[in-house]
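There are 2 protein chains.
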Amino acid sequence: MTSPAPLDDMFRALAEPRRRDILRLVADTERAAGEIAAEFEVSRTAVSQHLTVLRESGLISERREGTRRLYRARREALRELQKALDGIWSGALDRAKALVEES
Amino acid sequence: MTSPAPLDDMFRALAEPRRRDILRLVADTERAAGEIAAEFEVSRTAVSQHLTVLRESGLISERREGTRRLYRARREALRELQKALDGIWSGALDRAKALVEES
DNA sequence: CGCTAACGTTAGCGATGACTGACAGAGTGC
DNA sequence: GCACTCTGTCAGTCATCGCTAACGTTAGCG
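Quick mapping for you: the protein sequence lines, in order, are chains W and E. Heads up: the first sequence at position 8 corresponds to 394 in this note's numbering, and the numbers run straight through without jumps. Heads up: the second sequence at position 88 corresponds to 474 in this note's numbering, and the numbers run straight through without jumps.
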């Protein structure tokens, strides 16, 4: 066991350039699924699937308002990712500490 | 412009858990390909392919010594990744550009 | 209720990716 | 030269991914 499951999903979600584009789009502003889809030239379906992946990974949050669903990037996710990157690069001391915290 | 090509490759490389494990392994210590492969239960071939992906993305550096090839994580890559993440979330790229134009 | 708008979900397809096994190459020592 | 070690490369297989098109669902309006 090296990476917690949610982090695993985040890294996988970030691998797709279009998902990073979507993430940028909802970084500052909360946007509806339709608005997001309109920004790209792929089908609404594709964007919806990307949003599902992003949401399940914890990178974005979803809020329903009537028939619309509003998405926004989660700032805590950024911190988790940065911590994960530091954990990869930094030394064995930090890794040992992380192991202790897991249990 | 969305993502520079090297960053794109880094994110894709990080998506694979095994590659992150390899990255952790060579974060502090420079290791030979064989040593790295011995840590996992997949074939040497698979590890070699992972090392190629990591090297081409710029996440690790390669140094030859006799028949051995020594790998080590590039610390500059960490900085580039953190900058990229900040750029996604806070729109720091645009703000930095504005700061440059001010001076 | 019927109708529309805004979404998500499913099935299926083509492309990409991670893996194994067999082979090739480069360096070292005899 | 020959043998041995360490490693990358190639071919092929199976799973996964991103995409489109058609269908299902939920909320609001008349």
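Glycine included, C-beta positions come from ideal geometry on N, C-alpha and C.
For residue i versus residue j, is the C-beta spacing smaller than 9 angstroms?
{"i": "residue 419/E", "j": "residue 430/E", "result": "yes"}
{"i": "residue 442/E", "j": "residue 407/E", "result": "no"}
{"i": "residue 416/E", "j": "residue 456/E", "result": "yes"}
{"i": "residue 423/E", "j": "residue 476/W", "result": "no"}
{"i": "residue 468/E", "j": "residue 468/W", "result": "yes"}
If you count every other CB in all the chains shown that lies within 10 Å of the CB of residue i, and 16 or more means buried, which is it?
{"i": "residue 405/W", "result": "buried"}
{"i": "residue 433/W", "result": "buried"}
{"i": "residue 399/W", "result": "buried"}
{"i": "residue 387/W", "result": "With a pLDDT of 48 at residue 387/W, under the threshold of 50, the predicted position of this residue should be treated as unreliable, and no value is reported."}
Out of the options, point me to the one whose CA is closest to residue i's CA.
{"i": "residue 474/W", "options": "463/E, 473/E, 456/E, 474/E", "result": "463/E"}
{"i": "residue 466/E", "options": "410/E, 445/E, 452/E", "result": "445/E"}
{"i": "residue 461/E", "options": "454/E, 403/E, 410/E", "result": "410/E"}
{"i": "residue 459/E", "options": "392/E, 448/E, 476/E, 426/E", "result": "448/E"}
{"i": "residue 393/E", "options": "440/E, 451/E, 450/E, 454/E", "result": "440/E"}
Which whole-angstrom value is the C-beta distance of residue i and residue j, which I expect to be below 8 angstroms?
{"i": "residue 426/E", "j": "residue 401/W", "result": "Incorrect: roughly 21 angstroms between the Cβ atoms, too far for contact."}
When every heavy atom of the ligand FMN is checked, does at least one fall within less than 8 angstroms of the C-beta of residue i?
{"i": "residue 468/W", "result": "With respect to the ligand FMN, the structure shown offers nothing to examine, as it has no ligands at all."}
| query | What are the complete beta strand (DSSP E) segments, minimum 3 residues, inside the stretch 392-431 of chain W? | reply | none
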